[in-house]
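If you read the sequence shown in my numbering, its first letter stands for residue 15, the second for the next number, and so on.
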Amino acid sequence: MIGFFRRLKEYGRFILKEDPACQSLFEAIFLYPIVKAMVRHRIAHYFYNKDHKTFARWISQRTRKKTGIEIHPGAKIGKNLFIDHGMAVVIGETAEIGNNCHMYHNITLGGTGNEKETKRHPTVGNNVIIGTGATILGPVKIGDGAKIGAGALVLTDIPQNTTAVGIPAKVVKYN
């Protein structure tokens, strides 16, 4: 239990650092919907991996109702995911998200088909920023340190340390 509170405090510090509007550690931990969504996702993911998939989906759907953030319990998420403003975010079943990623509201990490038993959602590397309204579809890879612009539609892999914008997204900057 001590480990849980230690990780929660670390997560709160990450949010405090990422969001200039956040005024305190208390505010980060108790008033940001992403914290509630991630705690519940970790619980749902546990049950999903134990083959209690219906119960896991129930937890995730209740969380969606409360926070506006829909994370499928099968999604694999690293530490310190920050979703700023949090509403209308959808993260699909086979999506994978690395550590220390920052996303804004109204984004989708979605699939392009209805195949089962295949990877059909994006893989997002570490330290990635995804702008408001971006849509990333299919089993594409977003490299570490990449930035996806607001409103972008990503249908192909994005290399690490680049910036991609547009519909469809094209790399416009190599860092």
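Glycine included, each C-beta is placed from N, C-alpha and C at the ideal position. Predicted model, so just to flag it, every value in this text is computed and none were measured.
Cross-strand partners of residue i (DSSP beta bridge)
{"i": "G124", "result": "L151"}
{"i": "K187", "result": "T177"}
{"i": "F96", "result": "H116"}
{"i": "K90", "result": "E110"}
{"i": "I85", "result": "I105"}
{"i": "I156", "result": "V138, I172"}
Under 7 Å between C-beta atoms of residue i and residue j
{"i": "I156", "j": "V142", "result": "yes"}
{"i": "G145", "j": "Y188", "result": "no"}
{"i": "N120", "j": "G147", "result": "yes"}
{"i": "T108", "j": "H135", "result": "yes"}
{"i": "A164", "j": "A183", "result": "no"}
{"i": "I48", "j": "G100", "result": "yes"}
{"i": "G92", "j": "T126", "result": "no"}
Boundaries of the alpha helix (DSSP H) in which residue i is found, first to last residue
{"i": "E32", "result": "16-32"}
{"i": "V49", "result": "47-63"}
{"i": "I172", "result": "Counting along the chain, I172 falls outside any alpha helix (DSSP H), and DSSP gives it neither H nor E."}
{"i": "R134", "result": "Note, R134: premise wrong, no alpha helix (DSSP H); not H, not E."}
{"i": "Q75", "result": "67-81"}
CA-to-CA distance, residue j to residue i, given in whole angstroms
{"i": "V185", "j": "T81", "result": "32 Å"}
{"i": "H59", "j": "H86", "result": "8 Å"}
{"i": "F18", "j": "G139", "result": "24 Å"}
{"i": "G26", "j": "S38", "result": "9 Å"}
{"i": "Q75", "j": "P34", "result": "30 Å"}
{"i": "N113", "j": "V168", "result": "20 Å"}
{"i": "V53", "j": "V154", "result": "26 Å"}
{"i": "I206", "j": "N175", "result": "In the structure displayed, the chain extends from 15 to 189; residue 206 sits before or after that span and is not available."}
{"i": "I57", "j": "T68", "result": "13 Å"}
{"i": "C36", "j": "V103", "result": "20 Å"}
Nearest-angstrom Cβ-Cβ length linking residue i and residue j, presumed shorter than 8 Å
{"i": "E110", "j": "T77", "result": "Contact flag wrong, Cβ pair sits at about 19 Å."}
Terminal residues of the beta strand (DSSP E) in which residue i lies
{"i": "V103", "result": "103-105"}
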